[in-house]
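Data first, discussion second: the structure below is written as structure tokens.
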Amino acid sequence: MRDQLARAAVRLYPRHVRDRYGEEISGLLAASHAPGRDLLNVVWWAVGEHVAAFSFSRLARAVLRLAGLALLPLVTAAAWLMLSTVGLIIGRVSIVFGEVAEAWFLALYFGVPAAVLVPLAVVAGRRWGRGWPAARSVVLVPACLAAGAVGVVSIPQAGVVMGERWQGSAAAIGVWFAGLVAVGIGYRWMSGRAQVASGIGYRWMSGRAPAAEPDGERRMSRRVPGWLVWVCLAVAAFVVLDVAHVVYLRSVFTGTQAPWAEAPLWFPLALVGQDSGDSLAGRSLLDTLKALPHVLTVMTVFTLAWFKRPRPAPTGVVKNSQDLVAA
Amino acid sequence: MSDLSEPAMLVLISLADGPKHGYAMQDDIAELTGERPGPGTLYGAIRRLEDGGLIVALPERERRKPYELTGAGRRALQAELRRMRELARTGLRRLAVV
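Residue numbers (my numbering), protein chains in the order written: chain A, 512 to 838; chain B, 35 to 132.
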């Protein structure tokens with residue numbers, strides 16, 4: 512009981528202090544002759560360390576990071592347009608050398624931006640949140656990205672790059688935000704139960720080597736295999752994107768113009784640049800959605816990579832306070 | 035006035051005769067002052083002294099991490115104790131106690 516209280520009190524310290532002295536403080540606290548007084552003393556000093564650590568420069572850095580996240584949709588939309596233009600130019604140039612199939616054009620138009628932006632989103636998502644305590648939140652990143660995306664669609668004239676109709680884009684972004692938060696919560700729940708079958712699997716699941724676990728052992732007693740977490744994340748993300756685009760099209764078209772029977776294919780077709788189907792919505796996917804599927808896809812990849820970013824090993828705490836009592 | 039707080043001074047004095055870990059410092063300070071510093075007070079002082087380069091952590095032994103004075107810490111302690119001695123002497127002279 513006293514050990515648990517000691518650990519709980521030490522968790523109140525800022526991370527940089529906890530990492531350095533947490534084990535020693537909890538050891539002294541657990542072995543204290545005046546536990547009540549020392550507990551209050553630790554709580555008081557933990558709060559004091561937070562106050563001492565607060566600074567406007569840190570606040571400014573946090574605001575800059577949030578602003579950077581909110582700008583990501585704008586940067587993505589601009590980069591996507593630029594790179595797809597590059598793809599088209601490559602397609603035009605390739606005509607000089609002979610007959611070119613339409614599929615080749617499509618591959619360039621959508622493949623070039625995807626080949627550049629998707630890996631960049633993975634790297635950025637895994638690196639951006641390092642050393643940022645607020646990054647632990649599963650709401651923060653989707654919220655900032657969604658706010659930035661709504662900002663983009665609200666820009667007069669240029670906002671149509673992410674959907675021709677503002678209300679449709681806003682509804683799709685809202686659905687995307689709610690879906691990604693749910694995916695984040697689900698991921699946390701599943702990763703807490705992930706079975707570790709190998710060192711590589713473990714590293715990908717937890718972002719750290721097996722030896723970095725507090726007890727120095729692999730968590731073999733968990734129930735969900737690591738690969739299944741990946742599959743579930745990918746499927747859940749696809750479903751979220753699919754639903755977001757269905758919500759868009761159903762909100763700007765009537766029921767007969769956008770029938771449910773075609774709805775599941777709208778997002779994947781729009782993603783690869785295909786207008787398809789018998790309905791009005793199906794035939795005008797590209798004109799209506801424009802770059803919305805691509806920007807939301809890059810935002811999704813970024814967010815999933817953020818959820819799975821490497822994290823520092825947790826602070827160890829003493830298991831037995833008697834070990835720390837002075838000889 | 036000195037930049038060193040009272041807990042920091044007590045930690046430096048406790049380490050003046052050799053390295054100690056936290057629990058031993060608590061005992062030593064309790065013996066010096068009659069009051070045992072809480073873990074928060076003690077490690078608040080240790081953190082500031084370590085950040086200031088006045089003490090340094092030694093490699094952990096048997097899950098306990100000892101600390102020792104650095105050269106700068108020893109000089110700072112000497113200077114502070116001399117200053118306190120002069121201050122005490124002046125105050126006592128003015129009181130006509132010495």
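From the three backbone atoms N, C-alpha and C, an ideal C-beta is built for every residue, glycine too. Here the structure is a predicted model, which is why all the values come from computation and not from measurement.
Helix, strand or coil at residue 676 of chain A [DSSP, three-state]: Taking the first residue of the first sequence as position 1, residue 676 of chain A is located at position 165. Residue 676 of chain A: coil per DSSP, three-state reduction.
Span separating the alpha-carbon of residue 68 of chain B from that of residue 62 of chain B: Counted from its first residue, the second sequence places residue 68 of chain B at position 34. Counted from its first residue, the second sequence places residue 62 of chain B at position 28. For residue 68 of chain B and residue 62 of chain B, the distance between alpha carbons rounds to 10 angstroms.
Close-in-space but distant-in-sequence residues of the same chain around residue 673 of chain A (CB under 8 angstroms, 5 per side omitted): In the first sequence, counting from the first residue as 1, residue 673 of chain A sits at position 162. These residues qualify, in order along the chain: 584, 588, 660, 663, 664, 680, 801, 802, 803 and 806.
Validate contact between the segment 98 to 115 of chain B and the segment 50 to 62 of chain B using beta carbons, cut 8 angstroms, 3 pairs: yes
Residue of B/127, B/80, B/115 and B/126 minimising C-alpha distance to residue 53 of chain B: Taking the first residue of the second sequence as position 1, residue 53 of chain B is located at position 19. Selected option, being the one with the closest Cα: B/80.
Below-8 angstroms beta-carbon distance, residue 557 of chain A vs any chain B residue: Along the first sequence, one-based indexing puts residue 557 of chain A at 46. Yes, its Cβ sits closer than 8 angstroms to a Cβ of chain B.
Exposure of residue 593 of chain A, with buried meaning 16 or more beta-carbon neighbours within 10 Å: Reading the first sequence from its first residue, position 82 is the one you call residue 593 of chain A. Residue 593 of chain A should be labelled exposed.
8 angstroms Cβ cutoff, residue 530 of chain A in contact with chain B: One-based indexing of the first sequence puts residue 530 of chain A at position 19. No, residue 530 of chain A does not count as interfacial toward chain B.
Closest Cα partner of residue 50 of chain B within the set B/125, B/126 and B/107: Your numbering for residue 50 of chain B matches position 16 in the second sequence. Out of B/125, B/126 and B/107, B/107 has the C-alpha closest to the C-alpha of residue 50 of chain B.
Sequence-distant residues of the same chain with beta carbon closer than 7 angstroms to residue 668 of chain A, five excluded per side: If you number the first sequence from 1, residue 668 of chain A lands on position 157. Once the five neighbours on either side are set aside, residue 668 of chain A has no close Cβ partner at all.
Per-residue burial, residue 727 of chain A [other beta carbons within 10 Å of its own, 16 or more giving buried]: Residue mapping note: residue 727 of chain A aligns to position 216 of the first sequence, counting from 1. Residue placement at residue 727 of chain A cannot be trusted, given a pLDDT of 41 that sits under 50; what the coordinates show is reported in the next sentence. By the neighbour-count rule (16 or more Cβ atoms within 10 Å), residue 727 of chain A is not buried but exposed.
Under 8 angstroms by beta carbon: chain A residues contacting residue 104 of chain B: Position 70 of the second sequence, counting from 1, holds the residue named residue 104 of chain B. Within chain A, no residue comes near residue 104 of chain B; the closest Cβ sits about 17 angstroms away, beyond 8 angstroms.
Ranges of the alpha helix (DSSP H) found wholly within the segment 66 to 94 of chain B, counting only runs of at least 4: 73 to 85
Buried versus exposed call for residue 746 of chain A [16 or more other C-beta atoms within 10 Å across all chains shown]: Sequence index remark: in the first sequence, residue 746 of chain A carries index 235 (1-based). Exposed.
Three CB pairs or more closer than 8 angstroms across the segment 80 to 92 of chain B and the segment 37 to 51 of chain B: yes
Cα-Cα separation, residue 535 of chain A to residue 94 of chain B: Taking the first residue of the first sequence as position 1, residue 535 of chain A is located at position 24. Taking the first residue of the second sequence as position 1, residue 94 of chain B is located at position 60. In a straight line, the C-alpha of residue 535 of chain A is about 11 angstroms away from that of residue 94 of chain B.
Nearest candidate by alpha-carbon position, reference residue 653 of chain A, set A/629, A/582, A/610 and A/628: Here residue 653 of chain A corresponds to residue number 142 of the first sequence, with the count starting at 1. Measuring from the Cα of residue 653 of chain A, the nearest candidate turns out to be A/582.
Beta-carbon gap between residue 549 of chain A and residue 72 of chain B smaller than 8 angstroms: Counting from 1 along the first sequence, the entry for residue 549 of chain A is found at position 38. Counting from 1 along the second sequence, the entry for residue 72 of chain B is found at position 38. A contact, by the Cβ cut-off of 8 angstroms.
Length of the line joining the Cα atoms of residue 521 of chain A and residue 765 of chain A: As a working note, residue 521 of chain A is residue 10 in the first sequence. As a working note, residue 765 of chain A is residue 254 in the first sequence. Distance between the alpha carbons of residue 521 of chain A and residue 765 of chain A is about 58 angstroms.
Beta-carbon neighbours of residue 549 of chain A, restricted to chain B and to distances below 7 angstroms: Here residue 549 of chain A is taken as the residue at index 38 of the first sequence, counted from 1. What residue 549 of chain A touches in chain B: 72 and 73.
Rounded separation between residue 744 of chain A and residue 750 of chain A - CA only: Against the first sequence, residue 744 of chain A aligns to sequence position 233. Against the first sequence, residue 750 of chain A aligns to sequence position 239. Roughly 10 angstroms separates the two Cα atoms.
Three-way DSSP call (helix, strand, coil) for residue 98 of chain B in this model: Counted from its first residue, the second sequence places residue 98 of chain B at position 64. Residue 98 of chain B falls in the strand class under three-state DSSP.
Amino acids of chain B, ordered along the chain, whose beta-carbon sits closer than 9 angstroms to that of residue 536 of chain A: As a first step, residue 536 of chain A must be located in the first sequence, where it is residue number 25. The answer, in chain order, is 56, 73, 74, 76 and 77.
Buried/exposed call for residue 716 of chain A, threshold 16 Cβ in 10 Å: Mapped onto the first sequence, residue 716 of chain A falls at position 205. Unreliable positioning characterises residue 716 of chain A in this predicted model, as indicated by a pLDDT of 43, which lies under 50. The coordinate reading is nonetheless provided below. Counting Cβ neighbours within 10 Å, residue 716 of chain A comes out buried, since at least 16 surround it.
Chain B contact for residue 516 of chain A (CB, 8 angstroms cutoff): Your numbering for residue 516 of chain A matches position 5 in the first sequence. No, residue 516 of chain A does not count as interfacial toward chain B.
8 angstroms Cβ cutoff met for residue 769 of chain A and residue 790 of chain A: Mapped onto the first sequence, residue 769 of chain A falls at position 258. Mapped onto the first sequence, residue 790 of chain A falls at position 279. Yes, the pair counts as a contact, with Cβ atoms nearer than the cut-off.
Backbone CA spacing between residue 648 of chain A and residue 64 of chain B [nearest angstrom]: Along the first sequence, read from residue 1 onward, the residue named residue 648 of chain A stands at position 137. Along the second sequence, read from residue 1 onward, the residue named residue 64 of chain B stands at position 30. If I take the Cα positions, the gap works out to 43 angstroms.
Cβ of residue 562 of chain A within 8 angstroms of any chain B Cβ: Here residue 562 of chain A is taken as the residue at index 51 of the first sequence, counted from 1. It does not; no Cβ of chain B falls within 8 angstroms.
Alpha-carbon to alpha-carbon, residue 574 of chain A and residue 602 of chain A: Along the first sequence, read from residue 1 onward, the residue named residue 602 of chain A stands at position 91. Along the first sequence, read from residue 1 onward, the residue named residue 574 of chain A stands at position 63. Approximately 42 angstroms, taken between the alpha carbons.
Those residues which DSSP pairs with residue 54 of chain B across a bridge: For the purposes of this step, residue 54 of chain B is identified with residue 20 of the second sequence, where counting begins at 1. Bridge partners of residue 54 of chain B: B/101.
Residue range of the unbroken alpha helix (DSSP H) whose run includes residue 753 of chain A: Position 242 of the first sequence, counted from the start, is the residue given in the question as residue 753 of chain A. Residue 753 of chain A -> alpha helix (DSSP H) spans 737 to 763.
Helix, strand or coil at residue 770 of chain A according to DSSP, with G and I counted as helix: For this step, residue 770 of chain A is matched to residue 259 along the first sequence. Residue 770 of chain A falls in the coil class under three-state DSSP.
Helix, strand or coil at residue 613 of chain A [DSSP, three-state]: The count along the first sequence starts at 1 and reaches residue 613 of chain A at position 102. Note: residue 613 of chain A maps to helix in three-state DSSP.
Segment contact, 8 angstroms Cβ cut-off, at least three pairs: the segment 521 to 533 of chain A with the segment 546 to 566 of chain A: yes
Where residue 805 of chain A sits in the DSSP three-state scheme: Position 294 of the first sequence holds residue 805 of chain A. It is helical.
Under 8 angstroms from the C-beta of residue 553 of chain A: neighbouring residues of chain B: If you number the first sequence from 1, residue 553 of chain A lands on position 42. The answer, in chain order, is 72, 73 and 74.
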